[in-house]
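Student: Residue numbers for the sequence shown follow UniProt numbering, so the first one is 1 and each next one is one higher.
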Amino acid sequence: MHPLPNIFPELHTQRLDLIELQPSHAADILELFGDQRVTEYYHVMPLKSILDAERVITYFHHRYKDQLGIRWGITLKGQSKLIGTIGFNSFPQIHRGVIVYALAHPYWGRGLMTEAILEMVRFGFRELQLSRIEAEVMPANIPSERVLVKNGFHQEGTLKKWMEWDGRLFDINMWALVKE
Numbered sequence: 001m002h003p004l005p006n007i008f009p010e011l012h013t014q015r016l017d018l019i020e021l022q023p024s025h026a027a028d029i030l031e032l033f034g035d036q037r038v039t040e041y042y043h044v045m046p047l048k049s050i051l052d053a054e055r056v057i058t059y060f061h062h063r064y065k066d067q068l069g070i071r072w073g074i075t076l077k078g079q080s081k082l083i084g085t086i087g088f089n090s091f092p093q094i095h096r097g098v099i100v101y102a103l104a105h106p107y108w109g110r111g112l113m114t115e116a117i118l119e120m121v122r123f124g125f126r127e128l129q130l131s132r133i134e135a136e137v138m139p140a141n142i143p144s145e146r147v148l149v150k151n152g153f154h155q156e157g158t159l160k161k162w163m164e165w166d167g168r169l170f171d172i173n174m175w176a177l178v179k180e
């Protein structure tokens with residue numbers, strides 16, 4: 001993997017812009033991660049305040065600056081309101097990245113996340129020169145797994161007690177896409 005670019009890369013699809021999160025997005029982040037439908041299978045406790053949302057944005061900025069991950073805000077093309085986030089949560093080894101994504105409930109079922117993942121995967125393989133992209137999905141999160149299938153990911157198995165969240169251990173389905 002090459003280091004993340006010095007200037008935050010914006011990505012674009014037919015219907016979406018993937019942009020750098022800014023402090024001005026705090027209300028949108030609060031709305032997104034304050035919705036328990038969005039966070040039900042997400043390794044985050046629902047946000048409760050603007051201060052929580054500002055801390056999340058700061059955390060994402062530090063992860064990028066420290067070359068540990070990158071998280072884009074998702075907007076509809078040409079708009080400023082965030083409808084989701086997507087990114088590489090981590091790079092456990094130099095050749096692989098782990099993706100994470102969340103979309104506001106009113107936008108579910110429109111193929112938007114499929115479109116965003118496709119562009120992010122292209123970026124990961126081409127720009128970061130990853131050879132493997134992974135997604136860790138809680139077994140009951142069927143809609144997330146459907147999105148991965150649409151993007152060519154394959155389930156490799158279930159990792160028992162893989163994730164600790166809120167003091168409990170959870171099994172995780174491991175999905176991967178390998179660059180050919």
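Idealized CB from N, CA, C, for every residue including glycine.
1) Taking the alpha-carbon positions, what's the glutamate 180 to glycine 124 distance?
2) Under the rule that 16 or more other beta-carbon atoms within 10 Å means buried, what is aspartate 171, buried or exposed?
3) Using only CA atoms, which one of Trp175, Leu16, Arg146 lies nearest to histidine 154?
4) For arginine 146, does the count of other Cβ atoms within 10 angstroms reach 16, so buried, or fall short, so exposed?
5) So, with DSSP's three-state summary, where would you put alanine 116?
6) Verify whether the separation of the beta carbon atoms of arginine 71 and glycine 87 is less than 8 Å.
7) For leucine 159, I'd like the list of residues in its chain whose CB is within less than 6 Å of its CB, leaving aside the five on either flank, ordered along the chain.
8) Please report how far the alpha carbon of valine 44 lies from the alpha carbon of alanine 27, in whole angstroms.
Tutor: Reading off the structure:
1) 13 Å
2) Classification of aspartate 171: exposed, given that the 10 Å Cβ count is below 16.
3) Trp175
4) exposed
5) If DSSP states are grouped into helix, strand and coil, alanine 116 belongs with the helices.
6) yes
7) Ile172, Met174
8) 17 Å
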